[in-house]
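*Asks:* Chain order of the listed sequences is A and B.
Counting with the numbering used here, you get residues 38 to 184 for the letters of the first sequence.
Counting with the numbering used here, you get residues 70 to 399 for the letters of the second sequence.
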Amino acid sequence: MTNKKYDALVKKHTPKENKFKYALTAFLVGGLMGLLGETLIRIYIMLFDISRNDASTYMIITFIFFASLFTALGFFDKLVVKAKAGLLIPITGFAHSMTSAALDYKNEGPIYGVGSNVFKLAGSVIFYGVVSAWFFGLIRYLWEVLS
Amino acid sequence: MILNFRNVYLDNASTVCGPYEAKGPLHKNFDKYYNDLYCKEKSFEKAEIRLLEDSIKILLRKTKLTPNDIDLVIAGDLLNQIASSCYGALNLKSPFLGIYTACATSIEGMLIASTFIDSGKVNNALISCSSHNMSSEKQFRNPTEYGSPKPMTATFTATGGASVLLSNKPSKVRVVNGLIGTIVDYNQKDAFNMGAAMAGAAADTLYKYLMETNTKASDYDLILTGDLGKYGKEILKDLMLNEYNIDLSKNYNDCGTMLYDLEKQKEVMAGGSGPVCSALVNYSTILKDLMNSKYKKVLLIATGALFSPIMLYQKENILSIANLICLEAI
Chain A
38 MTNKKYDALV KKHTPKENKF KYALTAFLVG GLMGLLGETL IRIYIMLFDI SRNDASTYMI
98 ITFIFFASLF TALGFFDKLV VKAKAGLLIP ITGFAHSMTS AALDYKNEGP IYGVGSNVFK
158 LAGSVIFYGV VSAWFFGLIR YLWEVLS
Chain B
70 MILNFRNVYL DNASTVCGPY EAKGPLHKNF DKYYNDLYCK EKSFEKAEIR LLEDSIKILL
130 RKTKLTPNDI DLVIAGDLLN QIASSCYGAL NLKSPFLGIY TACATSIEGM LIASTFIDSG
190 KVNNALISCS SHNMSSEKQF RNPTEYGSPK PMTATFTATG GASVLLSNKP SKVRVVNGLI
250 GTIVDYNQKD AFNMGAAMAG AAADTLYKYL METNTKASDY DLILTGDLGK YGKEILKDLM
310 LNEYNIDLSK NYNDCGTMLY DLEKQKEVMA GGSGPVCSAL VNYSTILKDL MNSKYKKVLL
370 IATGALFSPI MLYQKENILS IANLICLEAI
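What follows is the structure in structure tokens.
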């Protein structure tokens, strides 16, 4: 059987994923996270009498804390599987990836385990984040020099 | 080439499983189960070793043998350096052969053991395999607590350890013959659709076997593949019918779809996988049915996706293999 014929066969028996439903779930959950974040910012501004910038940082820290805590308690992965990108794309996904990796490799010790694996998933995000930040910073700098 | 065996019998087998398998429809047939994925150990890897060790202990108890009576141990699993097999077989202190063909390992072991026994080099051989849902996730995919969404075609690595004893002493079940699979490449690259990667290997092996033995699919009471899952099973049936005109609609099933209740246990997606998936079903349920003479002759095809994450990242295809063995009740 040729590979082309085999591919057609595989395609015939591969179920269609409901992408619209996934996108809608991610949209709603992501939106809900945004709403929750904004509410937290407002509460922090009111409670601690701080700037919006500081309040945003506190909000992010809160999100990271709870995503990590829920990962450690063992039910955040089940929420992510249901909410999909709605929870993976916000900062909660980043925290989840680091905590889950740390938990997984704790048995291999602090150096060969947690230390070298904690960025297993988040490493790409950080690396390409830093590289693209450098490029965008350069573009912005050139723009300002030229104008 | 068909390997014919004149004097090889299946003495007994043992199965130990994890919590998901214990909730499945075959739970009554397993010898032992753990309610927790850690199996009273500190890590998932150690849990897998314990599962394999437990299955060996239970088999020795069932067959009333001591480790000294075992001439040869053949074992394999999914972990790097087949760690579970090596550590799990340590206490036996018997001659050891470590093997790997991913989820086709159990039948590979039986084929090697049968060859050794039939040639008169050994009197008996113990074949073990294991897999653990979490240790496999950790090694092949993402950290275990990471909730990555998976497509419907993804399969669920079974947790358990299973052992079987083959010997030259006559018993109720005879190993008739078998076929060592060849590695096939059908250009598959989806690590979340192993059923598709393996169905081609199963078809290849089954077709060759039927041609070379000059038998028909209907000559067997049951033809069973290892872990193609819900969708891989359909690919195989479709392929066999359209390509070779062999009808599998009556006497064919897949262990991956039998180990779990696919309707109720939604977390297993398309079904079970892993070396122990087919072994758990074969050694518990199928063996019992053979001994009760419910089946006379069965074909067991263990399908293995020779999936290497590194090769896949280097843009290579997922290779696969299927090993076949024929068992007969006497």
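Beta carbons are placed, not taken as given, at the ideal position from N, Cα and C, and that holds for glycine.
For clarity, every value in this text was computed on a predicted model and none was experimentally measured.
By alpha-carbon positions, which one of G269(B), I394(B), Q208(B) ends up nearest to I249(B)?
*Replies:* Taking the first residue of the second sequence as position 1, residue 249(B) is located at position 180. The candidate whose alpha carbon is nearest that of I249(B) is I394(B).
*Asks:* Given that G111(A) touches chain B, what residues does it touch there, using C-beta distances under 9 Å?
*Replies:* Taking the first residue of the first sequence as 1, we reach residue 111(A) at position 74. The contacting residues are E214.
*Asks:* Evaluate contact between the segment 301-309 of chain B and the segment 252-265 of chain B, counting only Cβ atoms and requiring at least three cross-stretch pairs below 8 Å.
*Replies:* With a cut-off of 8 Å, the segment 252-265 of chain B and the segment 301-309 of chain B count as touching, because enough Cβ pairs lie within range.
*Asks:* Less than 8 Å between the CB atoms is what I'm expecting for A231(B) and A391(B), so what's the real figure, rounded?
*Replies:* Taking the second sequence and counting its residues from 1, one reaches residue 231(B) at position 162. Taking the second sequence and counting its residues from 1, one reaches residue 391(B) at position 322. The pair is not a contact, with the Cβ atoms about 18 Å apart (cut-off 8 Å).
*Asks:* Against chain B, does M70(A) count as a neighbour if the rule is that its beta carbon must be under 9 Å from one of theirs?
*Replies:* As a first step, residue 70(A) must be located in the first sequence, where it is residue number 33. Not closer than 9 Å to any Cβ of chain B, the Cβ of M70(A) fails to qualify, so no.
*Asks:* Is it right to say E114(B) is buried, meaning 16 or more other beta carbons lie within 10 angstroms of its own, or is it exposed?
*Replies:* The count along the second sequence starts at 1 and reaches residue 114(B) at position 45. Buried, since its Cβ has 16 or more Cβ neighbours within 10 Å.
*Asks:* Tell me A144(B)'s beta-bridge partners as DSSP assigns them.
*Replies:* For the purposes of this step, residue 144(B) is taken as the residue at position 75 of the second sequence. Beta-bridge pairing links A144(B) to G167(B), S197(B).
*Asks:* Would you give the residue range spanned by the beta strand (DSSP E) that V245(B) belongs to?
*Replies:* The residue you call residue 245(B) lines up with position 176 of the second sequence. Per DSSP, V245(B) belongs to the beta strand (DSSP E) from 242-248.
*Asks:* List, in chain order, every chain B residue whose beta-carbon is nearer than 8 Å to that of D86(A).
*Replies:* Position 49 of the first sequence holds residue 86(A). None at all; the shortest Cβ gap to chain B is about 37 Å.
*Asks:* I want to verify the contact list: residues of chain A whose CB lies under 8 Å from the CB of A265(B), in sequence order.
*Replies:* The count along the second sequence starts at 1 and reaches residue 265(B) at position 196. Within 8 Å Cβ-Cβ: V47, H50, T51.
*Asks:* Rounded to whole angstroms, what is the Cα-Cα separation between D307(B) and G340(B)?
*Replies:* By one-based count along the second sequence, residue 307(B) stands at place 238. By one-based count along the second sequence, residue 340(B) stands at place 271. For D307(B) and G340(B), the distance between alpha carbons rounds to 19 Å.
*Asks:* Quick one: residues in its chain with C-beta nearer than 6 Å to the C-beta of A158(B), no 5 flanking neighbours on either side, listed in chain order?
*Replies:* Position 89 of the second sequence, counted from the start, is the residue given in the question as residue 158(B). Cβ neighbours of A158(B) beyond the five flanking positions: V142, A144, F165.
*Asks:* For F225(B), which beta-bridge partners are listed by DSSP?
*Replies:* Within the second sequence, the letter at position 156 stands for residue 225(B). Bridge partners of F225(B): G341(B).
*Asks:* In its own chain, which residues sit with a C-beta less than 6 Å from the C-beta of V337(B), not counting the 5 before and 5 after it?
*Replies:* Reading the second sequence from its first residue, position 268 is the one you call residue 337(B). If we look at V337(B) and ignore the five residues flanking it on each side, its Cβ neighbours are F225, Y329.
*Asks:* Find the residues of chain A that neighbour T326(B), judging by a C-beta separation of less than 7 Å, and give them in chain order.
*Replies:* The count along the second sequence starts at 1 and reaches residue 326(B) at position 257. By Cβ distance, chain A contributes nothing, its closest Cβ being about 14 Å from T326(B), past 7 Å.
*Asks:* Between N351(B) and the ligand ADP, is there a pair consisting of the residue's CB and a ligand heavy atom that are separated by less than 8 Å?
*Replies:* In the structure on display, the ligand ADP does not appear, and there are no ligands present to speak of.
*Asks:* From the beta carbon of E222(B), is the nearest beta carbon of chain A less than 9 Å away?
*Replies:* In the second sequence, residue 222(B) corresponds to position 153, counting from 1. Contrary to the premise, residue 222(B) reads as Thr rather than Glu in this sequence. Judged by the 9 Å Cβ criterion, T222(B) is in contact with chain A.
*Asks:* Could you tell me the alpha carbon to alpha carbon distance between H201(B) and Y255(B), rounded to whole angstroms?
*Replies:* For the purposes of this step, residue 201(B) is identified with residue 132 of the second sequence, where counting begins at 1. For the purposes of this step, residue 255(B) is identified with residue 186 of the second sequence, where counting begins at 1. The alpha-carbon atoms of H201(B) and Y255(B) are separated by roughly 27 Å.
*Asks:* Can you tell me whether DSSP reads V367(B) as helix, strand or coil?
*Replies:* Indexing the second sequence from 1 puts residue 367(B) at position 298. It is a strand residue.
*Asks:* So is Y149(A) in contact with chain E if we call contact Cβ pairs under 9 Å?
*Replies:* Absence of chain E from the displayed structure is noted, the protein chains being A and B.
*Asks:* Could you run through the segment 302-325 of chain B and flag, in chain order, every residue whose CB is less than 7 Å away from some CB of chain A?
*Replies:* Cβ contacts with chain A come from E303, I304, D307, L308, E312.
*Asks:* Compute the beta-carbon to beta-carbon distance between L72(B) and L234(B), rounded to the nearest angstrom, for a pair I have assumed lies under 8 Å.
*Replies:* Taking the first residue of the second sequence as position 1, residue 72(B) is located at position 3. Taking the first residue of the second sequence as position 1, residue 234(B) is located at position 165. Going by Cβ atoms, the distance from L72(B) to L234(B) rounds to 19 Å, so no, they are not a contact pair.
*Asks:* By the three-class DSSP mapping on this structure, what secondary structure does V253(B) have?
*Replies:* By 1-based counting over the second sequence, the position of residue 253(B) is 184. Here V253(B) sits in strand by DSSP.
*Asks:* Among residues of its own chain, excluding the 5 on either side of M221(B), which ones have a beta-carbon nearer than 7 Å to its beta-carbon?
*Replies:* Within the second sequence, the letter at position 152 stands for residue 221(B). Answer for M221(B): M338, A339, listed in chain order.
*Asks:* For the putative contact between L110(A) and P212(B), defined by C-beta atoms under 8 Å, what is the C-beta separation to the nearest angstrom?
*Replies:* As a first step, residue 110(A) is located in the first sequence; it is residue number 73 there, counting from the start. As a first step, residue 212(B) is located in the second sequence; it is residue number 143 there, counting from the start. With a Cβ gap of about 15 Å, L110(A) and P212(B) do not count as contacting.
*Asks:* Going along the chain, which residues of its own chain have a beta-carbon closer than 6 Å to the beta-carbon of I98(A), five neighbours each way excluded?
*Replies:* The residue labelled residue 98(A) in the question sits at position 61 within the first sequence. Here the set comprises nothing.
*Asks:* Given a threshold of 16 other Cβ atoms within 10 Å of its Cβ, counted over all protein chains shown, does E177(B) qualify as buried or as exposed?
*Replies:* The residue labelled residue 177(B) in the question sits at position 108 within the second sequence. The residue is buried, with at least 16 neighbouring Cβ atoms inside 10 Å.
*Asks:* Mapping DSSP to helix, strand and coil, what is S232(B)?
*Replies:* Start at 1 with the first residue of the second sequence, and residue 232(B) comes out as number 163. Note: S232(B) maps to strand in three-state DSSP.
*Asks:* Looking at the secondary structure, which residues open and close the alpha helix (DSSP H) in which T66(A) lies?
*Replies:* In the first sequence, counting from the first residue as 1, residue 66(A) sits at position 29. Looking at the sequence provided, one finds Val at residue 66(A) rather than Thr. It spans 56-85 - the alpha helix (DSSP H) in which V66(A) sits, taken as one unbroken run.
*Asks:* Measuring alpha carbon to alpha carbon, tell me which residue in L293(B), A171(B), D187(B), L134(B) is nearest S163(B).
*Replies:* Mapped onto the second sequence, residue 163(B) falls at position 94. Of L293(B), A171(B), D187(B), L134(B), the residue nearest in Cα terms is L134(B).
*Asks:* Give the DSSP-derived three-state secondary structure of D358(B) in the structure shown.
*Replies:* Here residue 358(B) corresponds to residue number 289 of the second sequence, with the count starting at 1. Three-state DSSP puts D358(B) in a helix.
*Asks:* Could you tell me which uninterrupted beta strand (DSSP E) segments, each at least 3 residues in length, are contained entirely in the segment 76-137 of chain A, listed from first to last along the chain?
*Replies:* Taking only runs of at least 3 residues, no beta strand (DSSP E) segment lies wholly in the segment 76-137 of chain A.
*Asks:* What residue range is occupied by the uninterrupted alpha helix (DSSP H) comprising N322(B)?
*Replies:* Walking along the second sequence from the start, residue 322(B) turns up at place 253. Where N322(B) is concerned, there is no enclosing alpha helix (DSSP H), although the beta strand (DSSP E) it sits in stretches over 321-323.
*Asks:* For a contact meaning CB atoms closer than 9 Å, what does K333(B) contact in chain A?
*Replies:* Looking up residue 333(B) in the second sequence gives position 264. Near K333(B) there are no residues of chain A at all, since even the closest Cβ is about 17 Å away, more than 9 Å.
*Asks:* If you draw a straight line from the C-alpha of T170(B) to the C-alpha of T274(B), how long is it?
*Replies:* The sequence position of residue 170(B) within the second sequence is 101, counting from 1. The sequence position of residue 274(B) within the second sequence is 205, counting from 1. In a straight line, the C-alpha of T170(B) is about 14 Å away from that of T274(B).
*Asks:* For chain A, find out if any of its Cβ atoms is closer than 9 Å to the Cβ of A144(B); answer yes or no.
*Replies:* Here residue 144(B) corresponds to residue number 75 of the second sequence, with the count starting at 1. Cβ-Cβ to chain A under 9 Å: no for A144(B).
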